[in-house]
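Take the sequence shown: its letter number 74 is residue 76 in my numbering, and every next letter is one higher.
No residue lacks a Cβ here, since even glycine has one placed at the ideal position from N, Cα and C.
Let me begin by presenting the structure, written as structure tokens, before commenting on it.
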Amino acid sequence: MLAELYKLPGDYFMGKNNDFLNLLFSILALGFHVQDKRHNERNRSGDLISKTGIDQGRKYFTCARCAIDISDCGTIPQLQTVLFLVLYLQSTAGLDVGYSYIILAQQSAFRMGLHLKIFWTIQKMDISMSAILGYPKILDLDTIDQEMPTEVFDVNITESGENGYPVAKWSSLLQASNAHMRLILILDKVIKYIYPNNRVGRSVNEALDTGHIVDHAIVREIENDLQRWRQGTQQLLSLVYAHVQMMLYRPFLSYISGNAFACASAYFGVCQNVIRIVKELQERGLAIGPRWFTINITSFATLSLVYFNCQRTNLSRPSDLHPDPQVGHEATKVIAQRKRDACSFSSAFQVCGLPVWGIAC
């Protein structure tokens with residue numbers, strides 16, 4: 003992409019020919035945001051000022067956002083720009099705005115009649131953000147019959163169909179993307195049956211009178227879906243897999259009775275697994291602090307374990323489910339790279355009377 007941009011004359015970007023430049027700005031916004039390095043720049047007065055990647059990312063995001071009409075995307079670069087802006091907003095906890103961008107991107111994609119890869123990418127964003135925000139999905143997947151994208155690059159697809167591809171032509175990147183999409187579809191099933199939104203339009207009294215009862219046969223069915231997915235992907239996408247499990251079991255946290263007790267126990271096991279995964283990612287240098295989904299999953303898992311410990315009747319007895327202090331410290335360091343999220347996370351710990359490491363709000 004950069005090679006193509008540098009081949010163009012300088013006056014090419016005057017007027018309306020700046021789609022690729024806006025796309026580059028949106029990519030740079032996301033790229034700078036996820037790097038944690040600090041660098042120095044000179045201002046107009048010649049003084050050195052210190053800037054972080056987050057500062058640079060915000061600048062590029064503003065440039066890309068001001069130069070594009072999100073409600074009127076007519077080209078693929080324009081739509082790609084919107085999707086990168088959504089990814090940036092997901093990383094900065096701007097989920098409400100990102101959700102509205104996804105709605106507009108979906109409408110533009112339908113108008114343009116785009117292929118399956120972009121369609122399913124938008125659905126993946128829609129389901130993930132709806133699960134976090136509790137908003138209704140933009141599109142009900144039960145009403146569509148679109149297949150998953152073929153796991154080969156577009157240059158290898160011919161008019162004769164999907165048969166006859168050499169093994170070497172299969173794309174591991176697209177296979178991973180489809181595996182992620184299948185996991186997100188299981189999350190969509192969790193939302194449909196565990197978090198129904200069919201009572202949104204009712205009054206408060208009607209909602210109280212018609213409490214939602216979860217059929218544990220559905221829970222076991224989703225558990226089987228997750229198990230089959232796990233068998234097909236081995237150890238890939240372990241944190242996203244744990245997040246789907248958390249969404250499945252979390253409603254049973256405060257209703258420990260009968261069959262719900264097994265779900266609550268499974269939820270705490272999943273939370274422990276999340277802490278172990280994040281710790282391993284940090285040890286391998288793969289944990290990205292500003293990634294909001296990582297912050298959300300880590301904080302929910304840690305605070306859920308703290309909640310369980312606070313509910314124990316025998317406080318003198320050692321708790322094997324309480325997060326290890328050193329692991330909590332490492333999790334806090336992930337949050338600390340974003341000050342607003344660090345403050346909200348640390349304040350929750352302070353309410354529980356627990357120490358907070360390395361954060362000054």
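Here Val-192 is near Val-246, since their CB atoms are less than 8 Å apart. Taken in chain order, the unbroken stretches of alpha helix (DSSP H) that lie wholly in the segment 215–292 and span 4 residues or more are 218–235, 240–251, 261–285. Shown here, Val-154 sits in a strand according to DSSP, grouped into three states. Fewer than three Cβ pairs drawn from the segment 96–113 and the segment 55–66 lie within less than 8 Å of each other, which leaves the two stretches out of contact. Shortest Cα-Cα distance from Leu-25 to any of Tyr-62, Tyr-8, Leu-10 involves Tyr-62.
Counting along the chain, Ile-299 sits inside the alpha helix (DSSP H) bounded by residues 294–313. Under the three-pair Cβ rule at 8 Å, the segment 93–110 counts as touching the segment 126–141. The secondary-structure analysis by DSSP pairs Trp-122 with nothing; it has no beta-bridge partner. C-alpha of Arg-252 to C-alpha of Ala-262: approximately 10 Å in a straight line. Within its own chain, the residues whose Cβ lies closer than 7 Å to the Cβ of Glu-153, once the five positions on either side in sequence are excluded, are Trp-172, Ser-173, Leu-176, Gln-177, Asn-180, listed in chain order. The alpha carbon of Asp-217 has as its nearest neighbour, out of Gln-237, Ile-120, Tyr-8, Cys-265, the alpha carbon of Cys-265. By the Cβ neighbour-count rule, Asp-128 is buried, with 16 or more other Cβ atoms within 10 Å of its own. Apart from sequence neighbours up to five positions away, the residues of its chain that approach Thr-77 with a beta-carbon distance below 7 Å are Asp-21, ordered along the chain.
Glu-285 and Cys-312 have their C-alpha atoms spaced approximately 29 Å apart. Going by DSSP, Glu-6 is part of the alpha helix (DSSP H) stretching over 4–9. Residue burial is scored here from C-beta neighbours: Phe-155 has fewer than 16 other C-beta atoms within 10 angstroms and is therefore classed as exposed. Annotated as distal: Ile-146 and Leu-241, with beta-carbon spacing of 8 Å or more. DSSP places Lys-191 in the uninterrupted alpha helix (DSSP H) bounded by 174–196. The C-beta distance from Val-84 to Ala-69 rounds to 12 Å, too long to fall under 8 Å, and the pair is not in contact. Sequence-distant partners of Ile-72 (beyond 5 residues in either direction) whose C-beta falls short of 7 Å from its own C-beta, in its chain, are Val-84, Tyr-103, Leu-106. Of Lys-281, Ser-267, Met-249, the smallest CA-CA separation from Gly-136 is found for Met-249.
Within the same chain, and ignoring the five residues on either side of Pro-151 in sequence, the residues whose Cβ sits closer than 7 Å to its Cβ are Leu-118, Lys-119, Trp-122, Leu-176, Asn-180.
According to the DSSP assignment, Leu-106 belongs to the alpha helix (DSSP H) that extends over 97–114.
Annotation for Leu-30: the continuous alpha helix (DSSP H) segment containing it runs 21–35. Note that the C-beta distance between Phe-270 and Leu-307 is below 8 Å. Excluding five sequence positions before and after Asp-227, the CB atoms of its chain that fall closer than 6 Å to its own CB belong to Ile-188, given in chain order. Less than 8 Å divides the Cβ of Ala-31 from the Cβ of Gly-59. Annotated three-state conformation of Pro-79 is helix, per DSSP.
Distances from the alpha-carbon of Leu-239 to those of Glu-6, Tyr-8, Thr-296 put Thr-296 closest. The C-beta separation of Ser-28 from Leu-87 comes to about 5 Å, placing the pair in contact by the 8 Å criterion. In the structure shown, Tyr-90 adopts helical secondary structure according to DSSP, grouped into three states. For a cut-off of 8 Å, the C-beta gap from Trp-294 to Gln-92 is around 6 Å, short enough to register as a contact. Pairing Tyr-195 with Ile-215 gives a Cβ-Cβ distance that is not under 8 Å. Pairing Gly-33 with Met-131, the inter-Cα distance amounts to about 21 Å.
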